[in-house]
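Just below is one structure, and these are the notes that go with it.
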Amino acid sequence: MSSNAITIPGTQIESRPWVDELHQWLTTVDHKRLGILYILSALLFLAIGGVEALIIRIQLMRSHNDFVSPEVFNRMFTMHGTTMIFFVAMPVLFGFANYLVPLMIGARDMAFPRLNAFSFWLSFLGALLLYFSFLGGTGLYGAGSAPDVGWWSYAPLGSRAFSPGHSSDYWTLALLVSGFGSIGTAINIIATILCLRCPGMKINRMPLLVWLNLVMAGMVLIAITPLSAAQIMLLIDRYLGGHFFDTQAGGSAVLWMHFFWIFGHPEVYILIIPCFAFMSEIIPVFSRKPIFGYPVMVGATVCIAFVSMSVWAHHMFTIGMNSYANSFFTLTTMAVGVPTGIKIFNWIGTMWGGRIQFKTPMLFSIGFLFQFLIAGLTGIMMACSPFDWQLSLSYFVVAHFHYVIVGGILFALFGAFYYWYPKMTGRMLSERLGKWHFWLFLIGFHLTFDVMHIPGVLGMPRRIYTYEPGRGWDTLNFIITIGAFIQALAILVFLANLIISYFKGARAGNDPWDAWTLEWSLSSPPPAYNFATVPTVASRRPLWDLKHPEDPDSRYE
Amino acid sequence: MSAVTTSFPNTAAEWRLPSRGKVAMAGLIIAESAIFTIFVVAYLFYLGKSITGPTPQDVLETPIFYTICLLSSSLTIHLAAKCLARGIGFAFLGFWLLTIALGGLFLYGTAQEWHRLIYEHGLTISTNLFGTTYYSLVGLHAFHVTAGLVMLVTVAVFGLCGRVEVKQSGHIEVLSMYWHFVDAVWVVVFTVVYVLGR
Amino acid sequence: MLRKSSTVRFLVQAILLLFSAVTVWASEPKGSSPQGTNIFAPASTPAKSIADLSVFVLVITGIIFVIVFALLVYSIVKFRGRAMDTGREPPQVYGSMQIELAWTIIPILIVVVLFLATARVIHAIQDAPEPAGAVQVTAIGHQYWWEFRYPKLGIVTANELHMPVSDPSHPTPTFLQLLSVDTDHSFWVPELGGKTDLIPNHPNRMWMDPQRTGVFLGQCAQYCGTQHAKMLLRVSVDGPEDFAAWVRAQQSLAVEDTGATAGRRVFESNACMNCHAVAGTAGDGRFGPDLTHLMSRATIAAGAAKNTHDNLRLWIQDPSAIKPGSLMPAMKLSDADLDAVVSYMETLR
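Residue numbers (our numbering), protein chains in the order written: chain Z, 1 to 557; chain G, 1001 to 1198; chain B, 2001 to 2349.
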């Protein structure tokens, strides 16, 4: 596959030596290649983070297990969380945004291709820094030490006094460096969308994927930066003797919590909004109808972006805020569920009256709808702060957020993979393997994360390397672990599909799904310059207009 | 699957979109504002909470002169950009170098103040909460001034070699947006540290 | 196509059934055994208010789930594409303002109802005034044990808390002030109330009024370091006479048993008393738990092990054998000294 050559059928294309190909990839500034690099990097860390999860699950399979020591366990959950959020979810979503946004707006590349490459490599460097900690952490006994302070590194646990050695520093630096990469990508996405749209593509004619990535990028600018600021403050505390979070000098541990969660809550919306974008492209195509309520979908997303900046302290209901603060955050957290629910209704409205095709992307989308609904409802339960005084810091929360991240985000991502892989590689993924992947993963997912709510209700806190027998948690944890292994198996099927189909998959052609956005007008994979002639569009579904000249969308907008 | 002829109409009417340099700089400014906001919040939160050591009232002297320097540099860079847009290269260079001088003067003032605070009053970043938050906030701003000066000096070098022309006025405007941002941040920092904090 | 959709439907119905069964099971009030930590088996007013509110929230979210789920299943089944549809597109509907308004307004109303119900409970629990008969306890979090002081009663103990049972007509709740000497912790005994964090430099306050006697379990819920998992809580709710007896016993100085002077000398001449206090001796260390009435506790090492001779001996010999990462160092005592000091500990009733 070469996205640098024009695909001229019937012509023999000389293959290059592999070193040249490698060099092309390492020095590329092409948004499509960078997108794929982001995605491949994310898949690598998905596998690593998954192994960390399996280690956690084996240790928790039964009470008083000794598969790993408490020190190793604490590093595992810290690394698992940090890896999955910062080095899997964010990169893979940036990767898809990078690949698709210029294609969907009729542009030839992102606004700043070199900044694009720089941002990717910064993000990759961050991941390497984090994992180097295993070697270079405290430097004792020749084996290093990964950070073990949880992915939030609450003060004062993250301070020099309680985390001597360098493991926390690797965590801090890795996130700081990759954070700057994220800001670079976000600036790039915004500039691309606002400045490079093809003629006729007014703001209210952009595909929803483009709109939602614009909103996501805007949120990155104001949500990632508080974390960067807090990381700088932590470094000042650890290295320059500062007292930002030094409770012995009058500093406040709660201030770290506020700064962290002002980042942390919008962050989860930054992760889910691109997944809403995938759903808003896939569900219409496989229902054979346009998205129901485009303006409302845009409005609801913008609404979510704003309201989500006001809910952060629902992660802090147990820290002893007064009843007015707790009530305020209860209200805002419940409120943000309204626009989110509206989006679910609109997707169902899109399917309603359609002719649904149950290809693999649509299977994952339906799984997303079902699971995101449940995740949202358990979120409403925890929005209610007294209920949260019981559920917080327990396995109920762990179940909730994995429901969102795995049941929501990962399912949407799988849908996106099956949908756009043909465009990226020119080959279709195997439907048979896809269905095996879907059903195996669905079963494993529900076995693990449905059951996981129960130990939470039965009083099992999170981040514990072992637990007492007789609390009623043993059998449940065992079932959860079985489900984890089934999910691992499904991921292996998925990876096999990605690799086998690359070589043996059916040729995709330009438009295997009979879809309506601009990327499907190009060859699969597209040429390096994307569009030979910059298109002009007259509606939200330019390819629908071309395929149905008797009934174009432009008549109804 | 369907075969689609990709023949889009080529006639594009007036299609004007914003300049990507300006949009990108606006994005950067928004992101940096968020970082500064967090440091300002920490500063305000910790006012009066230091357990020991010198307080703001004890040691701070309002840097009026150097503030005037920095704020006037906003005016001079604005004039420089306008001159360049009109093609008056000599005036552009003059105002540009003046901007650099004023910015450099501001940094000198900050250095002088820090020297006094450290050696006469014993206030360092590790002394107490005031020291930590003061040096972090003012230092973060000074860092941004320095980064700006580096960029301004780079342009000055190109300008002195006669390479900066009217067609670069877009880039110059983007850079001056950054410089205005740095000044605006100083207005906030000045108010918080030297006015409210005492 | 038909077979596939009915498989989908079956699986989906099975999952729904499982989920509702689990929800119903979880929300049933259960009896509490000494090992119970079920948030739906409340034994105290705050826990009960929370449980009642939770059931209300569960019912509402359950109804929402059933409705939306039914719509989803219906749309999948009714609007599935059939083979004969290939090439024909369904009517292209872009949206409907009335429908959008409907499914905006109804959720807003639901949010208002839920919020009002919740705000009442928040206020009732957090702003409850402290009555005259309340027992006051200061709980101080350490890595990895709990220090409990009863300032008005002059009691200092560790890890196992005693409270009087509270009669609803003449309530004698226990009010805890929550502090920490090092990192963040969280006090969570699910059947007695929601959790509240212990944060250094940020005192917190919580209360419980247990309405039945018994032993209630819990543990630290905020990750505080290596042995966060073994910072367990054991709350003994006593009847009025039992509580009074316990208080009297705790207020007394350490038992002086002449048969254990050898052990006491080991305790005082090694570094033990730098960290541990035994009231009435020279030992007044505050870094570790107060040992004055060690034998009145059912467990040692914050619940990590039962308080038996062998466990005590192993703990003193090498704490990391029971709780690796605990901040108590192995004292490397000789066997003779070790046996002597264990005998001494066993006199501290």
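Beta carbons are placed, not taken as given, at the ideal position from N, Cα and C, and that holds for glycine.
If we ignore side chains and look at the alpha-carbon of each, how far apart do residue i and residue j end up?
i                  : j                  : result
Pro2319 of chain B : Ala2304 of chain B : 11 Å
Met2342 of chain B : Arg2264 of chain B : Met is not the amino acid found at residue 2342 of chain B; the sequence shown has Val there. One C-alpha to the other measures close to 9 Å.
Pro2129 of chain B : Ile1035 of chain G : 41 Å
Gly126 of chain Z  : Ala2279 of chain B : 54 Å
Met90 of chain Z   : Ala53 of chain Z   : 18 Å
Phe478 of chain Z  : Leu60 of chain Z   : 8 Å
Ser2027 of chain B : Pro2190 of chain B : Summary for Ser2027 of chain B: the model assigns pLDDT 46, below 50, so the residue's position carries little reliability, and this model does not support an answer.
Thr2061 of chain B : Phe387 of chain Z  : 13 Å
Tyr421 of chain Z  : Met428 of chain Z  : 7 Å
Phe1130 of chain G : Ile189 of chain Z  : 39 Å
Thr1146 of chain G : Leu1107 of chain G : 8 Å
Leu234 of chain Z  : Phe244 of chain Z  : 7 Å
Pro2168 of chain B : Trp2188 of chain B : 22 Å
Ala538 of chain Z  : Met362 of chain Z  : 28 Å
Thr548 of chain Z  : Leu440 of chain Z  : In the sequence on display, residue 548 of chain Z carries His and not Thr. For His548 of chain Z and Leu440 of chain Z, the distance between alpha carbons rounds to 39 Å.
Leu543 of chain Z  : Arg288 of chain Z  : 13 Å
Phe263 of chain Z  : Pro226 of chain Z  : 6 Å
Arg62 of chain Z   : Ser280 of chain Z  : 42 Å
Leu2327 of chain B : Ile56 of chain Z   : 24 Å
Locate the alpha helix (DSSP H) running through residue i, then write down its first and last residues.
i                  : result
Val268 of chain Z  : 253–287
Asp1183 of chain G : 1169–1190
Met2331 of chain B : Careful: Met2331 of chain B lies outside any alpha helix (DSSP H) and carries neither H nor E.
His2162 of chain B : Careful: His2162 of chain B lies outside any alpha helix (DSSP H), inside the beta strand (DSSP E) at 2160–2164.
Trp1114 of chain G : 1089–1121
Gly126 of chain Z  : 113–136
Phe2216 of chain B : First-last for Phe2216 of chain B: 2214–2219, but that is the beta strand (DSSP E), not the alpha helix (DSSP H).
Trp520 of chain Z  : Counting along the chain, Trp520 of chain Z falls outside any alpha helix (DSSP H), and DSSP gives it neither H nor E.
Trp513 of chain Z  : Taken as a continuous stretch (DSSP letters only), Trp513 of chain Z belongs to no alpha helix (DSSP H), as it is neither H nor E.
Starting from residue i, follow the beta strand (DSSP E) in both directions and report where the run begins and ends.
i                  : result
His2142 of chain B : 2135–2142
Val534 of chain Z  : Element bounds for Val534 of chain Z: n/a, residue is neither H nor E.
Tyr2150 of chain B : 2145–2150
Thr2196 of chain B : 2196–2198
To which residues of the same chain is residue i closer than 7 Å at the C-beta, ignoring the five residues directly before and after it?
i                  : result
Gly408 of chain Z  : Ile272, Cys275, Phe368, Gln371, Phe372, Ala375
Ser1002 of chain G : Confidence at Ser1002 of chain G is low in this model, with a pLDDT of 42, below 50, so the placement of that residue should be treated as unreliable; the coordinate-derived value is given next. Closer than 7 Å at the Cβ level, and outside the excluded window around Ser1002 of chain G, lies no residue.
Val177 of chain Z  : Leu122, Leu125, Gly126, Leu129
Closer than 6 Å by C-beta to residue i: which residues in its own chain qualify, once you throw out the five before and the five after it? Chain order, please.
i                  : result
Gly426 of chain Z  : Ala508, Ser524, Pro525
Ile2105 of chain B : none
Leu140 of chain Z  : Per-residue confidence for Leu140 of chain Z stands at a pLDDT of 44, beneath the threshold of 50, marking its modelled position as unreliable; the derived number appears in the next sentence. Hits under 6 Å: none found.
Ala1091 of chain G : Cys1083
Can you list, in chain order, the residues of its chain with a C-beta nearer than 8 Å to that of residue i? Leave out the 5 residues immediately preceding and following it.
i                  : result
Gly2283 of chain B : Phe2267, Glu2268, Cys2272, Met2273, His2276, Ala2277, Leu2291
Gly250 of chain Z  : His243
Ala2336 of chain B : none
Is residue i near residue j, with beta carbons less than 8 Å apart?
i                  : j                  : result
Ala399 of chain Z  : Gly456 of chain Z  : yes
Val88 of chain Z   : Tyr38 of chain Z   : no
Ala305 of chain Z  : Gly218 of chain Z  : yes
Met110 of chain Z  : Thr27 of chain Z   : no
Asn204 of chain Z  : Ala277 of chain Z  : no
Trp256 of chain Z  : Phe317 of chain Z  : no
Gly2133 of chain B : Thr2172 of chain B : yes
Closer than 7 Å by beta-carbon distance: list the chain A residues that pair up with residue i, in chain order.
i                 : result
Lys289 of chain Z : The structure shown contains no chain A; the protein chains it does contain are Z, G and B.
Discussion item. Under 8 Å: do the region 367–376 of chain Z and the region 401–415 of chain Z share three or more Cβ pairs, one atom per stretch?
Written reply: Contact holds: three or more Cβ-Cβ distances are below 8 Å.
Worksheet item: Are at least three pairs of beta-carbons, each pair with one atom in the region 2224–2239 of chain B and one in the region 464–473 of chain Z, less than 8 Å apart?
Response: Yes, the region 2224–2239 of chain B is in contact with the region 464–473 of chain Z.
Practice prompt. Spell out a yes or no on whether the region 2215–2224 of chain B and the region 2188–2201 of chain B are touching, meaning 3 or more CB-CB pairs, one atom from each, closer than 8 Å.
Written response: Here the region 2215–2224 of chain B lies against the region 2188–2201 of chain B, with 3 or more beta-carbon pairs under 8 Å apart.
Worksheet item: Touch check for the region 1012–1022 of chain G and the region 1093–1107 of chain G: three-plus C-beta pairs under 8 Å?
Response: Segments in contact, no.
Worksheet item: Are there three or more Cβ pairs, one per stretch, closer than 8 Å when the region 60–72 of chain Z is compared with the region 151–167 of chain Z?
Response: In short, these stretches do not touch, since the Cβ pair count stays below three.
Discussion item. Using a Cβ distance threshold of 8 Å, determine whether the region 95–107 of chain Z contacts the region 190–207 of chain Z, with at least three qualifying pairs required.
Written reply: Remark: three or more beta-carbon pairs, one from each stretch, lie closer than 8 Å, so the region 95–107 of chain Z and the region 190–207 of chain Z are flagged as touching.
Worksheet item: Is there contact here, the region 152–159 of chain Z with the region 226–241 of chain Z, by at least three beta-carbon pairs under 8 Å?
Response: Cβ pair count under 8 Å is three or more, so yes.
Worksheet item: At a cut of 8 Å, does the region 1075–1082 of chain G reach the region 1176–1183 of chain G through at least three beta carbon pairs?
Response: As far as the Cβ criterion goes, the region 1075–1082 of chain G touches the region 1176–1183 of chain G, which means the pair count is three or higher.
Fill in: Stretch-stretch touch, CB-based, cutoff 8 Å, three pairs: the region 1031–1046 of chain G with the region 1061–1077 of chain G
Counting C-beta pairs with one atom in each stretch, the region 1031–1046 of chain G and the region 1061–1077 of chain G have fewer than three that are closer than 8 Å, which means they do not touch.
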